[in-house]
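Quick note: the sequence shown uses UniProt numbering, first residue 1, plus one each step.
Beneath this line is the structure, given in structure tokens, with notes to follow.
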Amino acid sequence: MNTAVFNGVMPALMTPCKADRTPDYDALVKKGHEMIAAGMSAVVYCGSMGDWPLLTDEQRMEGVERLTQAGIPVVVGTGAINTKSAVALAAHAQKVGAAGLMVIPRVLSRGTVIAAQRNHFKAILEAAPDVPAIIYNSPVYGFATRADLFFSLRSEHPNLIGFKEFGGDADLRYAAENITSKDDEVLLMVGVDTAVFHGFVNCGAVGAITGIGTALPKEVLLLANLSRLAAQGNAEARVRAKELEEAFSVLASFDEGPELVLFFKYLLVLNGEEEYRLHFNETDELNDAQRHYCEQQYSLFKAWFADWSKQGGVLSNMQVTEC
């Protein structure tokens with residue numbers, strides 16, 4: 001079972017819209033190619049960034065299939081209210097040759113019940129036994145997968161190979177202390193853009209799933225590489241990684257809020273990608289103040305990065321490009 005794609009950085013792709021507010025799969029595939037060309041190990045589709053609650057199962061499957069047919073390694077989100085839908089999405093992922101699964105907890109119905117979540121996870125893992133899978137742990141979904149449940153599932157499903165933590169520093173610390181440190185073959189991925197340094201350096205993460213990386217791929221990859229070097233004890237890399245993470249902390253913090261898709265799509269529009277201007281619901285849009293704030297923060301970061309990246313030292317040994 002190939003787990004190599006999890007040892008890298010993966011952008012969570014958003015779903016671009018056509019004028020009629022249906023998915024633009026050509027633009028989705030284009031973005032996937034751009035992300036892999038930038039150095040990402042794979043792409044994620046459909047997590048919350050991909051608007052999974054707003055798409056039909058058929059639309060989600062078509063997006064996955066289009067990406068895989070284009071030769072893009074895809075980790076598929078299985079978010080669903082109904083376990084049957086999650087199972088169908090997982091089975092489809094295996095059928096079309098997806099690179100991995102992101103196993104998302106059952107939401108709304110019995111979402112806080114451990115037995116219900118265990119059965120939900122088992123059904124997904126059984127539906128795609130040949131696809132490496134990671135548990136997606138997130139406060140947003142209202143359920144925290146703890147070590148006993150994780151290892152109970154792993155003992156029955158060897159395709160469960162890792163853990164993605166979307167919570168904060170304390171949640172990553174729990175995962176490192178109680179899950180990934182117990183079994184060297186279990187991988188930890190950072191799931192929130194504001195915790196990359198902490199995840200790699202303090203928690204032993206081997207990869208990250210990013211939202212801001214869809215707009216700033218080179219900068220996010222640089223942060224990951226600096227953090228990996230810092231985790232080996234390089235003092236200069238530690239300083240530079242913390243500087244870079246702090247510099248785009250506001251942009252990265254959009255990942256933590258309910259309007260993350262609106263903000264990150266707007267950053268892509270600022271990059272000139274007009275296919276991300278629309279949302280599936282006509283009333284889903286940033287207000288004028290939010291757009292203005294986003295523009296200010298983006299301009300500030302780009303000006304800072306242009307100056308900061310001129311330094312030599314450890315940065316001279318890495319690919320640093322102005323955003």
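Backbone N, C-alpha and C fix where the C-beta goes; we use that ideal spot for every residue, glycine too.
- Approximately 19 Å separates the beta-carbon atoms of Phe-163 and Gly-111; this is outside 8 Å, ruling out the contact.
- Per DSSP, Pro-11 is not a residue of any alpha helix (DSSP H); the beta strand (DSSP E) it occupies stretches across 9-11.
- By the Cβ-count criterion, Val-314 is buried, with 16 or more other Cβ atoms from all chains shown falling within 10 Å of its own Cβ.
- Around the beta carbon of Ile-161, 16 or more other beta carbons lie within 10 angstroms, which makes this residue buried.
- Classified as exposed, Ala-170 has fewer than 16 neighbouring CB atoms from the shown chains inside 10 Å of its CB.
- For the set Gly-39, His-33, Ala-90, Val-206, the Cα lying nearest the Cα of Glu-58 is the one of Ala-90.
- Ala-98 and Tyr-45 have their C-alpha atoms roughly 10 Å apart.
- Under the three-state reduction of DSSP output, Asn-159 falls in the coil class, being neither helix nor strand.
- Secondary-structure assignment with DSSP links Glu-165 through a beta bridge to Asn-137, Val-190.
- Counting other Cβ atoms within 10 Å of its Cβ, Thr-83 reaches 16 or more and is therefore classed as buried.
- Uninterrupted alpha helix (DSSP H) stretches at least 4 residues long and entirely within the stretch 238-295 occur at 249-253, 260-270, given in chain order.
- If you draw a straight line from the Cα of Glu-256 to the Cα of Val-192, it is about 7 Å long.
- For Ala-80, the CB contacts under 6 Å within the same chain, skipping 5 residues up- and downstream, are Ala-86 in chain order.
- Distance from the Cα of Ala-133 is smallest, within the candidate group Lys-122, Val-103, Ala-115, Leu-54, for Val-103.
- Cα atoms of Leu-28 and Glu-177: separation of roughly 37 Å, rounded to the nearest angstrom.
- By the criterion of at least three beta-carbon pairs nearer than 8 Å, the stretch 291-310 is in contact with the stretch 266-276.
- Every beta strand (DSSP E) stretch that sits fully inside the stretch 200-243 and reaches 3 residues is listed by chain position as 207-210.
- Between Phe-263 and Arg-21, the C-beta spacing is not below 7 Å.
- Counting only residues of its own chain and dropping the five nearest sequence neighbours on each side, His-157 has a CB closer than 6 Å to the CB of Leu-125.
- The beta carbon of Thr-283 sits closer than 6 Å to no other beta carbon from its chain once the five residues preceding and following it are set aside.
- Nearest C-alpha to Trp-304 among Ser-249, Asp-184, Arg-106, Gly-50: Ser-249.
- Around Arg-238, the same chain offers Ala-230 as residues with beta carbons nearer than 6 Å, after the five sequence neighbours per side are excluded.
- Going by DSSP, Gly-100 is part of the beta strand (DSSP E) stretching over 100-103.
- Here the C-alpha atom of Gly-204 lies approximately 44 Å from the C-alpha atom of Ala-19.
- At a Cβ-Cβ threshold of 7 Å, Ile-209 and Ala-42 do not count as neighbours.
- Between the beta-carbon of Val-76 and that of Ala-93 there is about 4 Å, and that keeps the pair under the 8 Å contact cut.
- Straight-line spacing of the CA atoms in Asp-183 and Ser-155 works out to 12 Å.
- Less than 7 Å divides the Cβ of Asn-137 from the Cβ of Glu-165.
- Bridge partners of Val-75 according to DSSP: Val-44, Gly-100.
- Under the three-state reduction of DSSP output, Pro-16 falls in the coil class, being neither helix nor strand.
- Within a 10 Å sphere around the beta-carbon of Asn-317 sit fewer than 16 other beta-carbons, which makes this residue exposed.
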